[in-house]
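Everything on this sheet refers to the single structure shown next.
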Amino acid sequence: MVCDCSSADISKARNLFESALTAAGLHVAEGIKLWEAYREFEQAIFQTIDPSDIQAKEKQIQRIRTLFHRQLSVPLVNMRSTLQAYRAWEMEQRNDLAVESSDLDGVASHIVSAYQRALEGYNARVHLEEQILRQDMPESEKLQQYMIYLKFERSSGDPARAQVLYERAIADFPISSDLWLDYTRYLDKTFKGGNIVREVYCRATKNCPWVGELWVRYLLCLERGHASEKELATVFGKTLQCTFSTIDEYLDLFLTRVDGLRRRLSFTAEVEDVLNYSLIRETFQNASDYLLQHLKNTNGLVHLHGYWARLELSLGTDLVSARGVWEGLLRICGSMLEAWQGYIAMEIELGHINEARSLYKRCYSKRFPGTGSEDICHSWLRFERQFGTLEDFDHAVQKVTPRLEELQLFRLQQESKSIVERENPLKKNAREKRKPGSDLIQEQSPAKRQKDAAQTSKKLYGKDKAQDSNLVEPNKVKEINAKVENENSKNEQQMKDAMTGKTKVYKDQCTAFISNINLKANCEDLHNFFSDVGGVHDIRILHDKFTGKSRGLAYVDFSDDAHLAAAVAKSKQMLLGKRLSIARSNPRKSRKDLSGHDSQMEHVDAADHHIGGSALNAPVETSKEASRAPQSANRRRGNVNIEIMGKNTFAVPRNVKPLGWSANKQETEGDGKPKSNDEFRKMFIKN
């Protein structure tokens with residue numbers, strides 16, 4: 001395109017060269033390559049100009065001369081050769097420069113001064129360049145040399161040179177979190193936001209997503225740049241998908257998000273339509289759910305709820321919600337003095353003296369860590385002095401005095417105990433080193449040993465009694481048989497319905513298992529969640545069999561494997577404030593079938609364990625093991641049926657012949673009725 005010498009194409013090439021010089025033209029070791037290429041380009045353009053067009057030729061000569069002047073003012077390698085090339089080019093244009101003169105003879109004074117400053121800058125940086133360009137240096141030492149070099153560039157006061165050096169360091173150490181933090185901190189201080197800083201933060205969070213501080217400062221950078229709420233929400237959503245080293249980083253991110261929403265709602269003249277207080281409340285609720293199990297009984301959780309309650313009053317203008325925030329915190333962290341103090345301080349600030357007094361009455365008798373119990377009692381007395389009547393003060397004294405005496409007595413007991421332990425350290429060490437065993441039994445008193453022996457005999461008796469109770473009672477046998485028959489009838493009915501088309505039977509591999517569901521979610525919410533996937537045929541939410549409440553688990557049937565795969569891909573997405581976990585259902589590995597009831601095989605195994613394990617407790621081990629082999633094989637094939645016979649009997653598989661049956665009819669005794677259990681056992685052992 002440039003060879004065509006059109007003005008538009010030449011302008012595009014010049015813009016490209018200028019962008020290259022901005023990015024790497026200050027590179028001490030490699031930047032000279034860009035400058036030389038730029039000069040060669042302009043000189044080639046000069047050769048294409050018509051000799052008769054004097055004005056165009058003078059304009060191009062001035063452009064090349066300016067390019068030389070710019071390069072000579074930049075600290076780069078081979079600066080002397082650049083100066084010589086400049087003098088040679090000037091000699092071609094005019095003959096007032098003597099060949100034998102020195103390098104600076106005939107050069108304009110301002111060019112000479114700029115060249116000398118650049119040469120001094122290069123001499124000051126050459127040893128630093130040599131250190132970072134060494135190939136035999138360990139990475140840790142090389143990074144340290146970069147930090148020394150960066151400190152020098154920052155002190156020189158040239159942000160462009162410092163940024164170029166930062167980019168060189170990032171290219172060598174792209175996942176160094178300390179380097180990214182130092183880089184972004186310098187840009188925040190120097191440029192105060194803008195597209196350049198935003199682009200660097202985007203790269204920093206991609207290379208080091210595990211650093212919470214980078215995400216926090218990224219959100220602040222977007223807020224300084226007046227980013228839209230959609231962009232801020234997108235970046236904040238990405239932070240929740242990252243894994244940080246400490247829980248405090250998550251808390252800092254939530255607070256930063258709330259801070260930004262509060263500032264934009266309070267101090268921005270033109271508020272976006274999507275901005276309202278419900279976003280703040282939703283963020284607080286998500287933070288509480290997300291951090292509760294990690295920040296329980298910590299000051300961080302108290303600070304979060306205190307901030308929440310304050311905004312409920314100032315922005316939400318809802319006193320009931322503010323009190324609800326504190327009450328929810330007290331249910332979680334009721335043993336923390338700071339939670340009660342924050343709640344009381346809010347009521348006092350609002351002038352609700354009676355409500356504050358009722359809070360003191362609720363918490364003065366609680367046990368708090370350290371001196372918290374005494375502090376809350378004294379705080380109640382100070383409160384009544386400042387806001388209460390004499391009767392209120394007397395009532396507080398009447399309540400607090402015995403409590404303080406009780407606490408003082410407890411402190412004295414703890415102090416005396418610690419003094420005794422300090423005075424007798426040898427006895428304490430011996431007690432700690434003593435191992436439990438026969439020595440402990442010997443030190444016990446006779447009464448203690450007698451009590452332990454009685455407890456041991458009770459345990460042994462209970463164990464024997466438990467073994468005897470393994471004999472199945474007739475009623476339990478009937479219950480087991482009824483459960484099995486009921487389950488068989490259900491399964492047969494389901495198969496008939498499936499064959500007649502009344503119900504649809506879906507393949508196991510087309511079912512998804514969803515966990516971590518919000519307990520308030522229903523089938524409609526799940527159906528809407530998978531609306532973009534499609535192919536949903538059935539949704540089953542599991543409920544607790546006693547309370548009837550949702551267990552946060554569900555199965556969803558899909559028409560084919562493609563829809564199921566698309567549904568599994570939506571794992572880790574949010575539904576009603578909870579991050580769902582979606583996986584392909586594998587009922588062969590689970591203990592229960594998709595309907596949530598025990599399968600027929602489990603009933604068979606249970607019956608076989610409780611009944612066969614007791615009645616077939618024959619004295620001959622080989623017979624017992626032989627009888628288990630066919631039963632276990634049949635269980636694996638899944639075609640075992642149980643028949644309950646007699647009063648005090650056992651489960652008989654259908655492949656066992658009736659009692660009293662024999663190949664020889666003459667061997668049958670009596671009137672052909674089934675033999676007793678004892679006779680069957682004898683016959684079984686004999687065979």
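First residue of the sequence shown: 1, per full-length UniProt numbering; consecutive thereafter. Cβ atoms here follow ideal geometry from the backbone N, Cα and C, with glycine treated the same way. These numbers were taken from a predicted model, which means no experiment stands behind them.
For residue i, the first and last residue of its enclosing beta strand (DSSP E)
{"i": "D557", "result": "S550 to F558"}
{"i": "I514", "result": "T511 to S515"}
Residue environment, residue i, which counts as buried when at least 16 other CB atoms sit within 10 Å
{"i": "S288", "result": "buried"}
{"i": "P436", "result": "At P436 the pLDDT is 49, less than 50, meaning the model places this residue with poor confidence; the figure from the coordinates comes in the next sentence. Under this definition P436 is an exposed residue."}
{"i": "Q293", "result": "exposed"}
{"i": "P51", "result": "exposed"}
{"i": "V505", "result": "In this prediction, V505 scores a pLDDT of 44, lower than 50, which makes its location untrustworthy; no coordinate-derived value is stated."}
{"i": "L16", "result": "exposed"}
{"i": "H563", "result": "buried"}
{"i": "D557", "result": "buried"}
{"i": "S19", "result": "exposed"}
{"i": "V420", "result": "exposed"}
{"i": "V325", "result": "buried"}
{"i": "L350", "result": "exposed"}
{"i": "F546", "result": "exposed"}
{"i": "R331", "result": "exposed"}
{"i": "V536", "result": "buried"}
{"i": "G25", "result": "buried"}
{"i": "R168", "result": "buried"}
{"i": "S278", "result": "exposed"}
Spatial distance of residue i from residue j (CA atoms)
{"i": "N516", "j": "D544", "result": "15 Å"}
{"i": "A160", "j": "L311", "result": "43 Å"}
{"i": "L220", "j": "Y166", "result": "21 Å"}
{"i": "E153", "j": "D252", "result": "32 Å"}
{"i": "T234", "j": "N286", "result": "16 Å"}
{"i": "P369", "j": "L337", "result": "8 Å"}
{"i": "S585", "j": "I539", "result": "13 Å"}
{"i": "C377", "j": "V400", "result": "6 Å"}
{"i": "K151", "j": "S113", "result": "26 Å"}
{"i": "E415", "j": "Q408", "result": "11 Å"}
{"i": "A565", "j": "L275", "result": "36 Å"}
{"i": "V126", "j": "A29", "result": "9 Å"}
{"i": "V93", "j": "Q163", "result": "For clarity, residue 93 is Gln in the given sequence; the question names Val instead. Going from the Cα of Q93 to the Cα of Q163 covers about 37 Å."}
{"i": "Q84", "j": "S11", "result": "29 Å"}
{"i": "R411", "j": "W180", "result": "52 Å"}
{"i": "K206", "j": "R357", "result": "52 Å"}
{"i": "A56", "j": "A124", "result": "41 Å"}
{"i": "C202", "j": "Y290", "result": "25 Å"}
{"i": "R262", "j": "M147", "result": "38 Å"}
Which residues DSSP lists as bridging residue i, in chain order
{"i": "K578", "result": "L575"}
{"i": "I541", "result": "A554"}
{"i": "V536", "result": "F558"}
{"i": "A118", "result": "Its beta-bridge partners do not exist; DSSP assigns none."}
{"i": "S584", "result": "For the sequence presented, residue 584 should be read as Arg rather than Ser. The partner list for R584 (beta bridge, DSSP) reads A512."}
Segment limits, alpha helix (DSSP H) that includes residue i
{"i": "N286", "result": "Y277 to L295"}
{"i": "W308", "result": "N299 to S314"}
{"i": "G324", "result": "L319 to C333"}
{"i": "Y250", "result": "I247 to F267"}
{"i": "W210", "result": "Where W210 is concerned, there is no enclosing alpha helix (DSSP H), given that its DSSP letter is neither H nor E."}
{"i": "K189", "result": "S177 to F191"}
{"i": "Y86", "result": "M79 to Q93"}
{"i": "L526", "result": "C523 to F529"}
{"i": "P159", "result": "P159 to D172"}
{"i": "C242", "result": "Segment: none, C242 is in no alpha helix (DSSP H) and carries neither H nor E."}
{"i": "Q47", "result": "G31 to Q47"}
Residue i and residue j closer than 8 Å at C-beta
{"i": "S245", "j": "W215", "result": "no"}
{"i": "Y360", "j": "I344", "result": "yes"}
{"i": "Q60", "j": "W35", "result": "no"}
{"i": "F513", "j": "Y555", "result": "yes"}
{"i": "S156", "j": "A118", "result": "no"}
{"i": "L76", "j": "G31", "result": "yes"}
{"i": "S176", "j": "L143", "result": "yes"}
{"i": "L315", "j": "I280", "result": "yes"}
{"i": "T283", "j": "V302", "result": "no"}
{"i": "A567", "j": "V533", "result": "yes"}
{"i": "L526", "j": "L542", "result": "no"}
{"i": "K520", "j": "L575", "result": "no"}
{"i": "Y122", "j": "M91", "result": "no"}
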